[in-house]
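Please read the structure below before turning to the comments.
In our numbering, the protein residues as written are 165 to 434.
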């Protein structure tokens with residue numbers, strides 16, 4: 165429906181380029197633009213509330229001449245928890261809330277499938293549809309979302325992904341905050357491999373034992389704060405390990421606002 169480096173503290177040290185800013189911003193809905201209410205999702209217009217700063221971020225993106233497409237899984241519709249008319253009413257509420265703040269979108273792509281499908285994230289179907297609709301190459305797009313499924317969908321579509329620590333991403337933010345790692349930052353493959361090795365050998369490793377001898381061999385040296393944060397992320401998302409492996413390396417932001425501001429600064433994730 166169309167409606168190599170460590171986790172880094174400093175944006176200037178992250179995996180960025182000086183390419184032009186994305187021409188198409190692909191945005192997840194729940195947990196990125198509006199508050200995530202948990203399962204089974206937003207079923208009534210009254211349950212939809214914007215996240216702070218989200219409308220302003222979208223307004224700035226479009227004011228800079230870029231397109232905004234929302235790409236959202238809404239399996240609640242496929243499960244029969246609300247009708248097509250009710251889902252339209254939810255999106256009309258979103259449209260009105262954004263319009264009140266001089267913001268809006270250029271296209272809305274919804275997957276209503278209750279079961280896995282080619283369109284349902286983490287599959288890239290909706291993202292590819294959006295790229296085709298706007299005749300935009302993957303290299304000129306960015307997918308901003310709050311879940312590992314969003315990030316994997318971006319990778320499978322060939323475009324950069326930007327993970328926000330709102331909604332489902334809150335547990336990523338909590339793990340990074342515990343080790344005082346500032347956002348934005350980048351989660352990298354070397355640290356993930358080391359963290360998985362630690363968990364394999366010591367499921368109950370404590371912060372004081374991170375980096376102790378005997379836990380890993382033949383892995384790159386990583387910072388203890390980076391390793392501790394990655395361990396926290398893996399523990400916070402025990403069912404998502406495979407998705408995390410596919411998504412990393414990935415850039416992490418505090419919010420849609422922060423992600424949009426960096427992307428508008430022409431700092432594309434690579």
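No residue lacks a Cβ here, since even glycine has one placed at the ideal position from N, Cα and C.
On the premise that residue j lies in contact with residue i, defined as a C-beta separation below 8 angstroms, what is that separation, rounded to the nearest angstrom?
i, j, result
"residue 206", "residue 192", "With a Cβ gap of about 13 angstroms, residue 206 and residue 192 do not count as contacting."
"residue 308", "residue 326", "5 angstroms"
"residue 251", "residue 204", "Contact doesn't hold; Cβ gap of about 12 angstroms is too wide."
"residue 397", "residue 328", "With 8 angstroms as the limit, residue 397 and residue 328 do not qualify as a contact, their Cβ atoms being about 14 angstroms apart."
"residue 400", "residue 359", "The Cβ separation is near 12 angstroms, so there is no contact."
"residue 312", "residue 222", "Residue 312 to residue 222, Cβ: 23 angstroms. No contact."
"residue 393", "residue 343", "5 angstroms"
"residue 283", "residue 220", "Actually they do not touch by this definition, with Cβ atoms about 30 angstroms apart."
"residue 427", "residue 186", "6 angstroms"
"residue 277", "residue 239", "7 angstroms"
Pull up the DSSP beta-bridge partners for residue i, would you.
i, result
"residue 234", "191 and 272"
"residue 202", "Paired residues: none, contrary to the question."
"residue 415", "326 and 350"
"residue 291", "In the DSSP output, where bridge partners are listed per residue, residue 291 has none listed."
"residue 214", "198"
Counting only the same chain and skipping the five closest in sequence on each side, list residues whose C-beta sits under 6 angstroms from that of residue i.
i, result
"residue 169", "At residue 169, the pLDDT of 28 sits below 50, so the modelled position is not reliable and the matter cannot be decided from this model."
"residue 248", "none"
"residue 231", "188, 270 and 298"
"residue 288", "317, 320 and 321"
Which first and last residues belong to the beta strand (DSSP E) in which residue i is found?
i, result
"residue 442", "Examination of residue 442 is not possible in this model, given that the chain is present from 165 through 434 alone."
"residue 308", "305-309"
Once you ignore the five residues that flank residue i on each side, which residues in its own chain have a CB closer than 7 angstroms to its CB?
i, result
"residue 413", "179, 350, 351, 352 and 353"
"residue 330", "195, 196, 215, 310 and 419"
Compare the C-beta of residue i with all C-beta atoms of chain D and state if any pair is closer than 8 angstroms.
i, result
"residue 229", "Annotation note: the requested chain D is absent from the structure, which comprises a single protein chain."
Just to confirm the assignment, what range does the alpha helix (DSSP H) spanning residue i have?
i, result
"residue 345", "From DSSP, residue 345 is part of no alpha helix (DSSP H); its letter is neither H nor E."
"residue 263", "248-263"
"residue 389", "388-400"
"residue 240", "239-242"
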